[in-house]
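*Asks:* Pasting a structure here, questions to come.
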Amino acid sequence: TLTGKTAVITGSNSGIGLGVARELAKAGANVVLNSYTDTPEDHALAAEIADVTGVEAKYVQADMSKGADCRRLIVAAGGCDILVNNAGIQHVAPVEDFPEGKWDAIIAINMSSAFHTIAAAVTGMRERGYGRIINIASAHGLTASPYKSAYVAAKHGIVGLTKTIGLETAQDPITCNAICPGYVLTPLVESQIPDTMKEYNMSREDVIKNVMLERQPSKEFATVEQLGGTAVYLCSDAAAQVTGTTISVDGGWTAL
Ligand code: NAD
Numbered sequence: 002t003l004t005g006k007t008a009v010i011t012g013s014n015s016g017i018g019l020g021v022a023r024e025l026a027k028a029g030a031n032v033v034l035n036s037y038t039d040t041p042e043d044h045a046l047a048a049e050i051a052d053v054t055g056v057e058a059k060y061v062q063a064d065m066s067k068g069a070d071c072r073r074l075i076v077a078a079g080g081c082d083i084l085v086n087n088a089g090i091q092h093v094a095p096v097e098d099f100p101e102g103k104w105d106a107i108i109a110i111n112m113s114s115a116f117h118t119i120a121a122a123v124t125g126m127r128e129r130g131y132g133r134i135i136n137i138a139s140a141h142g143l144t145a146s147p148y149k150s151a152y153v154a155a156k157h158g159i160v161g162l163t164k165t166i167g168l169e170t171a172q173d174p175i176t177c178n179a180i181c182p183g184y185v186l187t188p189l190v191e192s193q194i195p196d197t198m199k200e201y202n203m204s205r206e207d208v209i210k211n212v213m214l215e216r217q218p219s220k221e222f223a224t225v226e227q228l229g230g231t232a233v234y235l236c237s238d239a240a241a242q243v244t245g246t247t248i249s250v251d252g253g254w255t256a257l
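Just so we're aligned, residue 2 is where the sequence shown starts under the UniProt record's numbering, counting upward by one.
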């Protein structure tokens, strides 16, 4: 049980981050939700999790494209026992047309944010005598697809960061691992469908079956609950010697 532990989950007002926050809260952890917005709905999500599970939950606005905001999030949480680096965006375009601003934003949000949050959190984890760093990478942290240059580069980068932090904390009661999901039907994936339809000149149904799930041998989307369950496992004593590695939750994608 994670009772008394505090989990910070970046980018958690939606999709996988929210699913992971819900599962960690169900396992007893207090949770700090985050995104770059600061709306009543954001704070209501934290209130709802507290209501349903009885843990303490709060929402902290911080923009994961900015290093200072990443570090401020950890301070605002009062440090953390569990850090889930999940915030991420996507952009799909051939490299010659790939907007520079999108490249910079994807590298900052999907990769550099984890450097800043880990740097801010790790000393406190050593003091607390427990730490779990979980980076939400992707099957695209291990393999590539065309038109996703920034995303694939950032996700491979976060897998490299995961290994490095695993080594730096190997003799501390801290682990650092990456979860590599295949396709999960979240707003992020939903928003890629129109561009991919254009890119391949396909219907929505064909994009889902023949482009997205084409790579996923199970032919099923992974769910946010399954990813939350994987995070809960990584927080358990059973996973204390699991560090510096990746766990794929991808329906067989990377076995191909
Ligand atoms: P999503 O769009 O539902 O969630 C992304 C989250 O990041 C949102 O909460 C959003 O508000 C937040 N975010 C975006 N920019 C931010 C910023 N500047 N500062 C703070 N928060 C910010 O997408 P998702 O599918 O749940 O993606 C979550 C993570 O999972 C991402 O890192 C993504 O790359 C990864 N992932 C998703 C899939 C999938 O199929 N959905 C597969 C593999 C990996």
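Where a beta carbon is used, it is the ideal one built from N, C-alpha and C, also for glycine.
Buried or exposed for E42, going by 16 or more other Cβ atoms inside 10 Å?
*Replies:* Locating residue 42 in the sequence shown gives position 41, where the first residue counts as 1. So E42 counts as exposed.
*Asks:* I believe E148 touches E191 by the beta-carbon criterion, under 8 Å. Please report the beta-carbon distance rounded to the nearest angstrom.
*Replies:* One-based indexing of the sequence shown puts residue 148 at position 147. One-based indexing of the sequence shown puts residue 191 at position 190. A quick correction: the sequence has Tyr, not Glu, at residue 148. So it is not a contact: roughly 17 Å between Cβ atoms.
*Asks:* Quick check on this structure: which residue in S150, G158, A109 has the alpha carbon closest to the alpha carbon of E97?
*Replies:* As a first step, residue 97 is located in the sequence shown; it is residue number 96 there, counting from the start. If we check each option's Cα against that of E97, S150 comes out closest.
*Asks:* Using only CA atoms, which one of K156, S113, R23 lies nearest to G230?
*Replies:* In the sequence shown, counting from the first residue as 1, residue 230 sits at position 229. Answer by Cα proximity: R23.
*Asks:* Return the chain-ordered ranges of every alpha helix (DSSP H) run that is complete within the region 168 to 197 and spans a minimum of 4 residues.
*Replies:* 188 to 191
*Asks:* Just verifying my parser: in three-state terms, what is the DSSP assignment at I17?
*Replies:* Within the sequence shown, the letter at position 16 stands for residue 17. Reduced to three states, the DSSP call for I17 is helix.
*Asks:* To the nearest angstrom, how far is the alpha carbon of S113 from that of K156?
*Replies:* Within the sequence shown, numbered from 1, the residue matching residue 113 stands at position 112. Within the sequence shown, numbered from 1, the residue matching residue 156 stands at position 155. About 11 Å.
*Asks:* Taking contact to mean at least 3 C-beta pairs separated by less than 8 Å, is the region 46 to 55 in contact with the region 83 to 102?
*Replies:* Touching, no, given that fewer than three Cβ pairs across the two stretches are closer than 8 Å.
*Asks:* In the DSSP assignment, the beta strand (DSSP E) including residue 296 goes from what residue to what residue?
*Replies:* Here the chain comprises residues numbered 2 to 257, so residue 296 is not present and cannot be evaluated.
*Asks:* Once you ignore the five residues that flank A121 on each side, which residues in its own chain have a CB closer than 6 Å to its CB?
*Replies:* Looking up residue 121 in the sequence shown gives position 120. Within the same chain, A121 has close Cβ partners R72, I75.
*Asks:* Closest by CA to P95, which one among D238, T197, V212?
*Replies:* What you label residue 95 is simply residue 94 of the sequence shown in a count that begins at 1. Answer by Cα proximity: T197.
*Asks:* Would you mind reading off the limits of the alpha helix (DSSP H) that contains Y234?
*Replies:* Position 233 of the sequence shown, counted from the first residue, corresponds to residue 234. Looking at the DSSP string, the run of the alpha helix (DSSP H) that includes Y234 is 225 to 236.
*Asks:* My parser needs the beta strand (DSSP E) runs of 3 or more residues fully inside the region 60 to 101; what are they?
*Replies:* Note on the region 60 to 101: whole beta strand (DSSP E) runs with a minimum of 3 residues are 83 to 86, in chain order.
*Asks:* Pull the bridge partners of N136 from the DSSP assignment, please.
*Replies:* Here residue 136 corresponds to residue number 135 of the sequence shown, with the count starting at 1. In the DSSP output, where bridge partners are listed per residue, N136 has N86, A179.
*Asks:* I need the boundaries of the beta strand (DSSP E) containing T247, first residue and last residue.
*Replies:* Your numbering for residue 247 matches position 246 in the sequence shown. Looking at the DSSP string, the run of the beta strand (DSSP E) that includes T247 is 247 to 250.
*Asks:* Alpha carbon to alpha carbon, how far is V33 from I248?
*Replies:* If you number the sequence shown from 1, residue 33 lands on position 32. If you number the sequence shown from 1, residue 248 lands on position 247. Counting only the Cα atoms, I248 lies some 24 Å from V33.
*Asks:* Is the beta carbon of H92 closer than 8 Å to that of I110?
*Replies:* Within the sequence shown, residue 110 is the residue found at index 109, counting from 1. Within the sequence shown, residue 92 is the residue found at index 91, counting from 1. In this structure, H92 does not lie closer than 8 Å to I110 by Cβ.
*Asks:* Decide if N31 is buried, meaning its Cβ has at least 16 other Cβ atoms within 10 Å, or exposed.
*Replies:* Stepping through the sequence shown from its first residue, residue 31 is reached at position 30. By the 10 Å Cβ count, N31 comes out buried.
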